Amino acid sequence: MDQRRKSFKTVYNGSDENRVQTPDHQHHDSDNMSSRLRERRSTRFGELSTAKETANTSNVRTVTNTLKQPNTEYSTKDRQALKKLIIALGNKSRFQEAQNSLEAIEKNLQKARKNRESTEEDMEEAEAEWKFEAMCSGEAYYEDGKWKWRY
């Protein structure tokens, strides 16, 4: 028999004569519910602990198998070396990208210098041409180391 204390809810309808005590079904239901939950938890815990023991033994077997078979998988040192290698390759890749962009900038700079030189040569040629034309037409003359225009 359930030895839990049963609670009663007082229903009040005015005077003391009409005061009636009825069992608190809500409280009773919650007690039943909590006991059912406790039962479920205990059975689940039992199942889980059995499953954990099985899992633990399989882990032990795996560890022993790994120790018996050397280099079946990468060791911690191998993983660290691989990680360092990946980082180094990433750095090398970024270095290579930077070097490629630097080479592209240098090529563009060389092209700009060539264009500038050719433009200067073109300007010198053009200057010589207009001076010659201006001199031949009589629009300009050279005096005291300077070009002068006739108006």
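In this text, residue positions in the sequence shown follow the numbering used here: the first is 167, and each later residue adds one.
In this text, a Cβ means the ideal position worked out from N, Cα and C, and glycines have one as well.
Keep in mind that this is a model prediction, so the values were computed, not measured.
The Cβ-Cβ distance between Trp315 and Ala292 does not fall below 9 Å. For Trp313, the pairing in a beta bridge is given by DSSP as Tyr308. Between the C-alpha atoms of Ala278 and Glu290 there is a straight-line separation of about 18 Å.
Gly256 has its alpha-carbon roughly 21 Å from the corresponding atom of Thr242. Each residue's CA atom was taken as its position, placing Glu269 and Ala306 some 48 Å apart.
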